[in-house]
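For what it's worth, this note's numbering labels the leading residue of the sequence shown as 163, then goes sequentially. Virtual Cβ for every residue (Gly too), placed ideally from N, Cα, C. The model shown is predicted, which means the values in this text are computed figures rather than measured ones. What follows is one structure encoded as structure tokens, with my remarks underneath.
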Amino acid sequence: MLTVKTPEEVLRLVPEAFSTRTDLTETVPLNEAAGRLLSEDVCAAEYVPDFDRSTVDGYAVRASDTFGCSDAIPAILPLAGEVRMGEGADAALKPGTCVAVPTGGALPRGADSVIMLEYTEDYGDGTIGIFKPGAPGMHVIFRGDDVHPGKVILQKGRTLLPQDVGALAAVGCTAVPVARTLRVGVISTGDELVPPDVTPGPGQVRDVNAPMLTALLRNFGADCAEYGIVRDDAALLRETMERAARECDAVLVSGGSSVGVKDAVCGIIESMGEVLLHGIAIKPGKPTILGRAGNKPLVGLPGHPVAAYFVARLFVLPLLGHLMGRDMREYTVAARLSESVNANHGRAQITPCRLRHTAEGLLAEPIRSKSGLITQLAGADGFFIIPRDCEGLPAGAAIQVTLQ
Numbered sequence: 163m164l165t166v167k168t169p170e171e172v173l174r175l176v177p178e179a180f181s182t183r184t185d186l187t188e189t190v191p192l193n194e195a196a197g198r199l200l201s202e203d204v205c206a207a208e209y210v211p212d213f214d215r216s217t218v219d220g221y222a223v224r225a226s227d228t229f230g231c232s233d234a235i236p237a238i239l240p241l242a243g244e245v246r247m248g249e250g251a252d253a254a255l256k257p258g259t260c261v262a263v264p265t266g267g268a269l270p271r272g273a274d275s276v277i278m279l280e281y282t283e284d285y286g287d288g289t290i291g292i293f294k295p296g297a298p299g300m301h302v303i304f305r306g307d308d309v310h311p312g313k314v315i316l317q318k319g320r321t322l323l324p325q326d327v328g329a330l331a332a333v334g335c336t337a338v339p340v341a342r343t344l345r346v347g348v349i350s351t352g353d354e355l356v357p358p359d360v361t362p363g364p365g366q367v368r369d370v371n372a373p374m375l376t377a378l379l380r381n382f383g384a385d386c387a388e389y390g391i392v393r394d395d396a397a398l399l400r401e402t403m404e405r406a407a408r409e410c411d412a413v414l415v416s417g418g419s420s421v422g423v424k425d426a427v428c429g430i431i432e433s434m435g436e437v438l439l440h441g442i443a444i445k446p447g448k449p450t451i452l453g454r455a456g457n458k459p460l461v462g463l464p465g466h467p468v469a470a471y472f473v474a475r476l477f478v479l480p481l482l483g484h485l486m487g488r489d490m491r492e493y494t495v496a497a498r499l500s501e502s503v504n505a506n507h508g509r510a511q512i513t514p515c516r517l518r519h520t521a522e523g524l525l526a527e528p529i530r531s532k533s534g535l536i537t538q539l540a541g542a543d544g545f546f547i548i549p550r551d552c553e554g555l556p557a558g559a560a561i562q563v564t565l566q
């Protein structure tokens with residue numbers, strides 16, 4: 163008999179039942195850090211930039227020397243020098259003078275504004291005409307505007323993007339502390355399954371779940387160990403699951419999670435450790451098993467590919483993220499339903515959809531399919547969830563679509 167928990171109860175159970183791994187940290191070179199999970203806060207030890215600098219080509223001035231100037235009455239300032247790229251500004255700017263600076267060039271001490279070249283004229287006699295008044299701070303990045311010592315640049319738990327790598331380079335962080343990649347074992351079960359490269363015989367189907375789950379996990383940043391297709395043999399399945407548990411940080415088994423005669427996954431998990439739940443009040447995906455052997459998750463996923471995908475997407479990825487200490491985020495967009503959708507009373511219902519731009523905003527078009535038809539899911543832009551206490555939504559209803 164299934165003991166069913168709600169989706170909310172499952173997500174609350176994860177941090178209660180599993181502790182974040184503290185043994186996963188390793189250090190990688192900066193050029194290998196993109197896509198990895200930061201395992202420590204990174205703080206700056208210096209100023210960035212380390213000098214006041216110009217954001218435009220022009221003339222560094224004291225803003226007060228340009229107040230009131232115009233096209234008709236320019237401020238005429240002696241040119242006191244020029245700053246070259248990659249060199250410091252040695253002398254301070256004297257009142258009533260200006261210094262030529264390039265974009266990114268250092269400002270001389272005393273300068274607090276830069277006048278763009280377009281609003282100036284070189285008279286050729288050592289003086290520069292200024293036709294537009296400057297303001298303190300105009301076209302200037304001051305020392306430490308970007309980063310100052312002690313400032314947290316990136317927080318622990320962030321998956322590093324290319325721009326994050328740039329920020330780390332700016333503060334001189336060339337050895338980056340990241341979480342070691344989790345290794346997840348993936349097992350498919352069922353006498354009816356054949357590998358994708360085999361033509362199915364009568365009563366047989368290709369194994370969809372292992373390639374799909376492996377792709378999902380690798381896209382998430384996990385390392386996968388594939389243990390192939392295990393026939394409906396309890397002893398062989400136990401041997402394979404025990405091996406996977408020894409070699410991996412988590413184990414996913416698809417198929418064999420319902421209450422059929424040949425469904426041995428639940429009993430094997432119980433013998434290896436503890437069954438935490440058997441059943442989630444969600445459609446598709448009800449016959450899901452979550453257990454543990456020590457702090458290692460053992461998950462029994464439904465055999466239907468659509469159900470296996472959504473359970474992995476909604477529950478397995480947050481579980482792995484918790485183990486890694488990862489900051490988990492979902493990206494949603496507001497849309498309206500193109501048509502009414504009936505729901506299965508008593509279970510939260512996941513409905514894949516396509517998004518279409520209209521003059522009134524995004525329109526979500528539900529993708530209707532029979533259980534297990536994975537090709538319909540392949541064309542989805544995202545999905546929405548109808549709560550378990552709701553029997554459906556009418557056309558035009560406002561929904562939040564989680565992007566794939």
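Legend entry - Which of helix, strand or coil DSSP assigns to Gly483: helix
Legend entry - Status (buried if at least 16 other CB within 10 Å, exposed otherwise) for Gln562: exposed
Inset, instruction - Whole angstroms is fine: what's the gap from Asp308's alpha carbon to His519's? - result: 38 Å
Inset, instruction - For Phe472, name the three-state secondary structure that DSSP assigns. - result: helix
Inset, instruction - Note the first and the last residue of the continuous beta strand (DSSP E) segment covering Pro240. - result: From DSSP, the beta strand (DSSP E) with Pro240 extends over 237 to 244.
Inset, instruction - Could you please give me the residues that DSSP links to His301 through a beta bridge? - result: Answer by DSSP bridge pairing: none, since His301 is not bridged.
Legend entry - Three-state secondary structure (DSSP) of Tyr221: strand
Inset, instruction - Compare the beta carbon distance of Val413 and Val346 with 9 Å and say whether it is the shorter of the two. - result: yes
Inset, instruction - Could you check if Met490 is buried or exposed, using at least 16 other CB atoms within 10 Å of its CB as the buried criterion? - result: exposed
Legend entry - Alpha-carbon spacing of Ala505 relative to His484, whole angstroms: 31 Å
Inset, instruction - Starting from the Cα of Val176, find the closest Cα among Val503, Leu241, Thr259, Leu460 and give me that residue. - result: Leu460
Legend entry - Burial state of Ala426, where buried means 16 or more other Cβ atoms lie within 10 Å: buried
Legend entry - Beta-ladder partner(s) of His440, from DSSP: In the DSSP output, where bridge partners are listed per residue, His440 has Thr165, Ile451.
Inset, instruction - Could you tell me the distance, in whole angstroms, from the CA atom of Val423 to the CA atom of His440? - result: Because the pLDDT at Val423 is just 42, under 50, the model does not fix this residue reliably, and the value given afterwards should be weighed accordingly. Approximately 16 Å, taken between the alpha carbons.
Inset, instruction - Identify the continuous alpha helix (DSSP H) that holds Glu401 and give its terminal residues. - result: 396 to 409
Inset, instruction - Tell me, please, which residues DSSP counts as bridged to Cys386. - result: Val346
Inset, instruction - Pull up the distance between the alpha-carbon of Thr282 and that of Ala253, whole angstroms please. - result: Taking the straight line from one Cα to the other gives about 22 Å.
Inset, instruction - Alpha carbon to alpha carbon, how far is Gly456 from Gly435? Give it in angstroms, no decimals. - result: 7 Å
Inset, instruction - Measure the alpha-carbon distance for Pro204 versus Glu501 and round it to whole angstroms. - result: One point to set straight first is that residue 204 is Val, not Pro, in the sequence displayed. For Val204 and Glu501, the distance between alpha carbons rounds to 48 Å.
Legend entry - First through last residue of the beta strand (DSSP E) which encompasses Gln325: Counting along the chain, Gln325 falls outside any beta strand (DSSP E), though it belongs to the alpha helix (DSSP H) covering 324 to 332.
Legend entry - Residue of Gly523, Pro528, Leu517, Val495 minimising C-alpha distance to Gln511: Pro528
Legend entry - Counted within 10 angstroms of its Cβ, other Cβ atoms place Met247 as buried (16 or more) or exposed: exposed
Inset, instruction - Taking 8 Å as the threshold, find out whether the segment 177 to 188 comes into contact with the segment 266 to 273 through three or more Cβ pairs. - result: no
Legend entry - Rounded C-alpha distance that separates Asp219 from Gly243: 14 Å
Inset, instruction - Return the residue from the list Arg550, Thr265, Asp233, Val468 that minimises the CA-CA distance to Ala540. - result: Looking at the Cα atoms, Val468 is the closest of the given residues.
Inset, instruction - Please go through the same chain and pick out, in chain order, the residues whose beta-carbon is closer than 7 Å to the beta-carbon of Ala542, but skip the five residues on each side of it. - result: Pro514, Cys515, Arg516, Ile529, Gln566
Inset, instruction - Please find out if some non-hydrogen atom of the ligand NAD comes closer than 8 Å to the beta-carbon of Ala470. - result: The ligand NAD is not part of this structure, which contains no ligands at all.
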